[in-house]
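Chains as they are written, first to last, in my numbering: chain Z, 78 to 191; chain G, 11 to 123.
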């Protein structure tokens with residue numbers, strides 16, 4: 078079965094640079110979520126999209142933006158990178174058909190800011 | 011997560027049972043979830059429970075829910091070394107239109123041979 082695909086898996090950037098992470102959700106899933114997980118931390122919700130429209134926003138810095146495209150893939154853009162942005166970034170997708178909202182997570186993109 | 015609390019660490023011997031506890035805050039969460047994360051990997055759904063249930067069993071996993079105390083537990087029977095991982099409980103408050111998951115701080119389970 079197809080899973081959530083994230084790219085790149087690893088990314089190294091310098092401070093003040095820009096990074097873009099990509100996410101390809103499971104086909105026919107209608108909601109995409111982005112989470113940030115710092116070292117030894119729990120995943121923190123950043124932002125979500127339902128049918129290509131932003132549906133919820135969490136603790137996402139103003140330096141970050143995201144969008145979902147017509148083919149349902151999503152991108153997380155991070156500018157003016159700071160050392161504290163070093164983390165694992167997870168994308169997840171789900172299909173809201175009622176019942177439990179099961180989020181399927183990708184393997185994550187590890188961002189290191191030097 | 012600030013709303014969902016878990017003990018940080020649990021060490022058990024292979025073959026014993028493991029019990030991981032979680033306290034959540036939003037009593038309106040319809041479903042509660044358990045996810046597993048192995049080192050450097052993504053989050054894998056283990057199981058979930060509907061809030062009207064007290065217990066759910068799935069092979070070696072048993073979930074107990076005490077809705078009055080907002081307490082959730084995950085019991086792993088016959089724990090194996092491959093069960094060593096971080097376990098996150100999560101709630102999904104219906105107040106949030108996206109039904110996002112709010113995770114606990116995670117419990118690191120170490121299984122000793």
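Glycine included, each C-beta is placed from N, C-alpha and C at the ideal position.
Q: Using a Cβ cut-off of 7 Å (strictly closer), state whether residue 133 of chain Z contacts chain G.
A: By this cut-off, residue 133 of chain Z is an interface position.
Q | Buried or exposed (CB count within 10 angstroms, at least 16 for buried), residue 89 of chain Z | A | Residue burial annotation: residue 89 of chain Z is exposed, with fewer than 16 other C-beta atoms found within 10 angstroms of its C-beta.
Q.
I need the boundaries of the beta strand (DSSP E) containing residue 63 of chain G, first residue and last residue.
A. Here residue 63 of chain G belongs to no beta strand (DSSP E), and DSSP marks it neither H nor E.
Q: Establish whether the CB of residue 107 of chain Z and some CB of chain G are separated by less than 7 Å.
A: Chain G contact via Cβ: absent.
Q) How is residue 93 of chain G classed by DSSP in three states: helix, strand or coil? A) Helix at residue 93 of chain G.
Q) For residue 108 of chain G and chain Z, any beta-carbon pair shorter than 7 Å? A) Using beta-carbon distances, residue 108 of chain G counts as an interface residue toward chain Z, with a partner under 7 Å.
Q: State buried or exposed for residue 191 of chain Z, treating a residue as buried only when at least 16 other CB atoms are found within 10 Å of its CB.
A: A residue is called buried once 16 or more other Cβ atoms fall within 10 Å of its Cβ, and residue 191 of chain Z, having fewer, is exposed.
(Q) Quick check on the burial criterion: 16 or more other C-beta atoms within 10 angstroms. Buried or exposed for residue 162 of chain Z? (A) Of the other Cβ atoms in all chains shown, 16 or more fall within 10 Å of the Cβ of residue 162 of chain Z; this residue is therefore buried.
(Q) Let me confirm a value: residue 78 of chain G is counted as buried when at least 16 other C-beta atoms fall within 10 Å, else exposed. Which label applies? (A) Classification for residue 78 of chain G: exposed.
Q) Taking only beta-carbon atoms, is residue 70 of chain Z less than 7 Å away from chain G? A) Residue 70 of chain Z lies beyond the range of chain Z shown here (78 to 191); nothing can be said about it.
Q.
Can you tell me whether residue 119 of chain Z is buried or exposed? The criterion is at least 16 other CB atoms within 10 Å of its CB, across all chains shown.
A. Residue 119 of chain Z comes out buried.
Q: Mark residue 95 of chain G as exposed unless 16 or more other C-beta atoms lie within 10 angstroms of its C-beta, in which case mark it buried.
A: Counting Cβ neighbours within 10 Å, residue 95 of chain G comes out buried, since at least 16 surround it.
Q.
Just list the residues that DSSP pairs residue 154 of chain Z with in beta bridges.
A. DSSP, once it has assigned bridges, lists Z:97, Z:142 as partnering residue 154 of chain Z.
**Q.** Partners in chain G for residue 125 of chain Z, counting only beta-carbon separations shorter than 8 Å
**A.** At a beta-carbon threshold of 8 Å, the residues of chain G lying near residue 125 of chain Z are 108, 110, ordered along the chain.
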